[in-house]
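Asker: Numbered per my numbering, the sequence shown finishes at 654, counting up by one with no gaps.
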Amino acid sequence: MYRFEDALPRLPVPTLQETAARYLKSAHPLLSTTEYAATARAVEDFIKAGGVGEKLQERLVARRNDPQYRSWLHDWWTDAAYPTYREPIIPYVSYFYSHRDDRKRREPAKRAAAITTAALEFKNQIDTRTLEPEYMKKLPMAMDSYQWMFNACRRPAKPADYPVKFPADENKFILIIRKNQFFKLQLEIDGRRLKTSELQQQFERIYKTAKDAPPIGILSTENRDLWTDAREILLKAHPNNAKALAEIEAASFVVCLDEASPVTLTERAKHHLYGNGQNRWFDKPAQFIVNDNGTAGFNGEHSMMDGTSTHRLNDYVCDAIFNEKLDFSSQPVSPNLPEPAVIEFHLDQATQESIGLAQKHFDDLLGKHDLTVQAYQGYGKGLIKRFKFSPDAYVQMIIQVAYYKMFGNNQPTYESVMTRRFQQGRTEACRSVSDDSIAFCKAIFDPSSGSTDVIALFRNAVNAHVQCLYAAADGTGVDRHLFGLRKLLEADEEIPAIFSDPAYTYSSTWVLSTSQLSSEYLDGFGWSQVVDHGFGIAYMINENR
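The structure is reproduced here in structure tokens:
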């Protein structure tokens with residue numbers, strides 16, 4: 110699994126001139142003539158020979174060449190984007206997938222058992238390092254983030270959260286949550302892994318025996334500072350609570366058996382992203398959700414892993430189930446199966462008050478959000494490719510047209526682009542708004558525009574976006590480079606005009622935060638907006654939808 114890690118190239122540092130040109134090009138369509146002139150002056154001053162930009166660039170190149178760093182960006186970015194971010198991870202950080210219906214397994218215990226069997230097989234390949242690396246255009250990608258998928262947890266702390274990881278061979282159990290009650294389900298008996306039929310029996314036992322409990326998991330939806338305080342209150346409430354928390358954090362993954370029966374794609378999306386905030390432990394990186402009507406989904410915590418890794422996990426699970434690639438048959442059940450163990454919490458008045466406050470905060474926050482799934486069946490990437498368009502760039506321009514149609518302008522737009530072909534690679538920003546995209550948006554609503562002109566402008570806009578995608582994937586995007594340069598400013602150094610210029614903040618205020626992950630096994634995925642006056646737009650481009 111890790112055989113290519115050391116051979117992968119290191120994330121490059123673009124030249125000042127490259128980034129300056131791309132930055133100005135991306136800012137131009139968003140600014141007035143006067144604003145752009147001021148931004149251009151700030152950029153020119155920053156990159157001039159012997160200026161502060163050159164000094165910061167030299168420091169960044171030195172960091173890139175320092176053998177102690179596999180990536181000059183990784184530690185900075187992981188820290189800034191996630192552990193130090195204090196807003197609730199639901200809905201601002203975590204994300205969801207909704208699984209296609211499994212017509213063979215409508216009973217929730219049966220579906221939960223099949224999902225668990227497939228997830229455990231995937232986990233085994235990670236634990237034994239036999240999982241085949243991922244490839245992009247035949248080039249291997251970084252796999253180090255997979256270490257955080259199982260037997261791991263995000264832990265709240267001040268001023269920054271941190272991840273905790275536990276030995277897989279010492280923690281061969283999963284966490285089951287039903288009616289807010291936590292169960293520890295051992296995965297082995299007599300030295301072998303439980304069969305699907307045995308897992309199903311264990312889930313059926315939990316369905317029968319679970320009793321309503323206080324929604325302790327709602328605490329993980331809190332502002333991270335408040336959750337840190339609540340965790341300390343929980344630990345002080347009773348000595349046994351430390352053991353209960355340790356078992357939750359060390360569990361391989363979570364299966365949430367929910368008292369819900371979402372039907373429509375939008376109902377499922379809302380339920381799998383946030384639901385009512387209960388029957389979850391949102392700090393766990395991998396939570397499978399199985400509902401009373403047999404529908405299923407997944408909730409992922411984002412801090413140490415991007416969506417591409419858990420997308421592969423969910424695709425693997427669904428592919429194994431729908432195509433019967435593993436043994437899910439009804440086999441004899443061992444008579445020695447131990448009862449799933451209840452993980453006990455002891456709550457005092459202060460902890461109960463923390464839970465009540467967390468529920469109020471959750472209800473208030475999510476009450477201000479809207480989430481909708483649009484499922485268009487007219488065509489998909491098959492037809493788009495026949496017209497020789499990049500499907501991703503095509504849909505990005507649809508998003509731009511939709512925003513322009515609603516608001517009469519275009520706003521800064523982020524598309525997440527993988528940089529995993531580099532060591533410890535995560536993501537870079539592709540800035541979707543360009544002079545070409547705005548020309549297209551204006552033309553399509555201009556009655557005087559001829560269709561030939563509109564099509565030509567559309568092609569220009571798509572091609573401009575493809576170039577932005579390529580630059581980002583090659584590690585030569587704008588945003589991470591500027592972020593790195595600014596990180597190297599010392600405390601006593603004056604902030605250069607490029608960073609105090611309003612355009613710097615505005616052009617990276619992602620009113621539209623977008624990303625694509627496509628799968629024939631999923632009926633949706635997504636997350637929330639990143640600024641509250643904006644939109645989070647997750648999209649899937651399947652063959653015919």
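Heads up, the beta-carbon is just placed ideally off N, CA and C, and yes, glycines get one too.
Inspect the beta-carbon positions of A538 and S627 and report whether they are closer than 9 angstroms.
Answerer: Going by C-beta atoms, A538 is not nearer than 9 angstroms to S627.
Asker: Could you give the distance in angstroms between the alpha-carbon of T585 and the alpha-carbon of L566?
Answerer: Each residue's Cα considered, the two are about 26 angstroms apart.
Asker: Unbroken alpha helix (DSSP H) runs of length 4 or more, entirely within the stretch 454 to 526: which are they?
Answerer: The stretch 454 to 526 contains these whole alpha helix (DSSP H) runs: 458 to 475, 490 to 495, 500 to 516.
Asker: Flag this pair as yes or no: are the beta carbons of F362 and M258 separated by less than 9 angstroms?
Answerer: In this structure, M258 lies closer than 9 angstroms to F362 by Cβ.
Asker: With three or more beta-carbon pairs closer than 8 angstroms as the criterion, would you say the stretch 389 to 405 touches the stretch 351 to 362?
Answerer: Because the criterion of three Cβ pairs below 8 angstroms is met, the stretch 389 to 405 and the stretch 351 to 362 touch.
Asker: Output the residue ranges of the alpha helix (DSSP H) runs that lie fully inside the stretch 168 to 228 and measure 4 residues or longer, sorted by chain position.
Answerer: 183 to 190, 198 to 201, all fully within the stretch 168 to 228.
Asker: Please list, in chain order, all residues of the same chain as Q387 whose beta carbon is under 7 angstroms from its beta carbon, the five residues on each side excluded.
Answerer: Here the set comprises N289, P324, G326, I327.
Asker: Given a cut-off of 9 angstroms on the beta-carbon distance, is the pair W636 and Y201 in contact?
Answerer: Going by C-beta atoms, W636 is nearer than 9 angstroms to Y201.
Asker: Figure out for me which residue from L631, C550, L374 has the closest Cα to the Cα of P138.
Answerer: Here the closest residue by C-alpha is C550.
Asker: Can you tell me the Cα-Cα spacing of P348 and L308, whole angstroms?
Answerer: Approximately 31 angstroms, taken between the alpha carbons.
Asker: Please classify S637: does DSSP put it in a helix, a strand, or coil?
Answerer: Coil at S637, not helix or strand.
Asker: Mark I604 as exposed unless 16 or more other C-beta atoms lie within 10 angstroms of its C-beta, in which case mark it buried.
Answerer: The residue is exposed, with fewer than 16 neighbouring Cβ atoms inside 10 Å.
Asker: Report the three-state DSSP secondary structure of V542 (helix, strand or coil).
Answerer: Of the three classes helix, strand and coil, the one that applies to V542 here is coil, per DSSP.
Asker: According to the Cβ coordinates, are S135 and R540 closer than 9 angstroms?
Answerer: The answer is yes: Cβ separation under 9 angstroms.
Asker: Could you tell me whether the stretch 296 to 312 touches the stretch 402 to 420, where touching means 3 or more Cβ pairs closer than 8 angstroms?
Answerer: With a cut-off of 8 angstroms, the stretch 402 to 420 and the stretch 296 to 312 do not count as touching, because too few Cβ pairs lie within range.
Asker: Can you list the alpha helix (DSSP H) stretches of 4 or more residues lying completely in the stretch 298 to 330, in chain order?
Answerer: Fully enclosed alpha helix (DSSP H) runs of 4 or longer: 305 to 318.
Asker: How many whole angstroms separate the CB atoms of R333 and R195, which I take to be in contact at a CB cut-off of 8 angstroms?
Answerer: Indeed they touch by this definition, with Cβ atoms about 5 angstroms apart.
Asker: Do the stretch 395 to 406 and the stretch 210 to 228 meet, that is, are 3 or more Cβ pairs less than 8 angstroms apart?
Answerer: Counting Cβ pairs under 8 angstroms, three or more are found: they touch.
Asker: Check S622 in the structure and name its three-state DSSP category.
Answerer: Of the three classes helix, strand and coil, the one that applies to S622 here is strand, per DSSP.
Asker: Check the DSSP bridge columns for G384 and list the partner residues they point to.
Answerer: Paired residue(s): none; G384 is not in a bridge.
Asker: Look up T239 in the DSSP assignment and say whether it is helix, strand or coil.
Answerer: Reduced to three states, the DSSP call for T239 is coil.
Asker: Is it buried or exposed for N519, if we count other Cβ within 10 angstroms and need 16 for buried?
Answerer: Per the 10 Å Cβ criterion, buried.
Asker: Taking the alpha helix (DSSP H) that Y615 belongs to, which residues open and close that run?
Answerer: Its alpha helix (DSSP H) spans residues 611 to 615.
Asker: Go ahead and pull the three-state DSSP assignment for D436.
Answerer: Here D436 sits in coil by DSSP.
Asker: Would you call the stretch 481 to 488 and the stretch 372 to 384 in contact, with 3 or more CB pairs under 8 angstroms?
Answerer: With a cut-off of 8 angstroms, the stretch 372 to 384 and the stretch 481 to 488 count as touching, because enough Cβ pairs lie within range.
Asker: Could you round the C-beta distance between A221 and L366 to whole angstroms and report it? I think they count as a contact, below 8 angstroms.
Answerer: That belief holds up - the Cβ atoms of A221 and L366 are roughly 6 angstroms apart, short of 8 angstroms.
Asker: Applying the criterion that 16 or more other CB atoms from any shown protein chain within 10 Å of the CB defines a buried residue, is M250 buried or exposed?
Answerer: Buried, by the Cβ-count rule.
Asker: Would you tell me roughly how many angstroms separate the C-alpha atoms of S418 and T460, rounded to the nearest one?
Answerer: Taking the straight line from one Cα to the other gives about 35 angstroms.
Asker: Determine the direct distance from the alpha carbon of I298 to that of W186, and round the result to whole angstroms.
Answerer: Going from the Cα of W186 to the Cα of I298 covers about 42 angstroms.
Asker: Fully enclosed by the stretch 125 to 166, which alpha helix (DSSP H) runs are 4 residues long or longer?
Answerer: The stretch 125 to 166 contains these whole alpha helix (DSSP H) runs: 125 to 136, 142 to 156.
Asker: In the DSSP assignment, the alpha helix (DSSP H) including Y425 goes from what residue to what residue?
Answerer: It spans 416 to 431 - the alpha helix (DSSP H) in which Y425 sits, taken as one unbroken run.
Asker: With DSSP collapsed to three states, give me the class of V575.
Answerer: It is helical.
Asker: To the nearest whole angstrom, what separates the beta carbons of A511 and F292, a pair I think is in contact under 8 angstroms?
Answerer: 45 angstroms between Cβ atoms; not a contact.
Asker: Can you tell me whether P441 is buried or exposed? The criterion is at least 16 other CB atoms within 10 Å of its CB, across all chains shown.
Answerer: Result: exposed.
Asker: Cβ-heavy atom distance between D601 and the ligand GTP below 8 angstroms?
Answerer: As for the ligand GTP, it is missing from this structure, which has no ligand bound.
Asker: Does the stretch 419 to 430 come close enough to the stretch 270 to 289 that 3 or more CB-CB pairs lie under 8 angstroms?
Answerer: Contact between the stretch 270 to 289 and the stretch 419 to 430 is absent, because fewer than three Cβ pairs lie under 8 angstroms.
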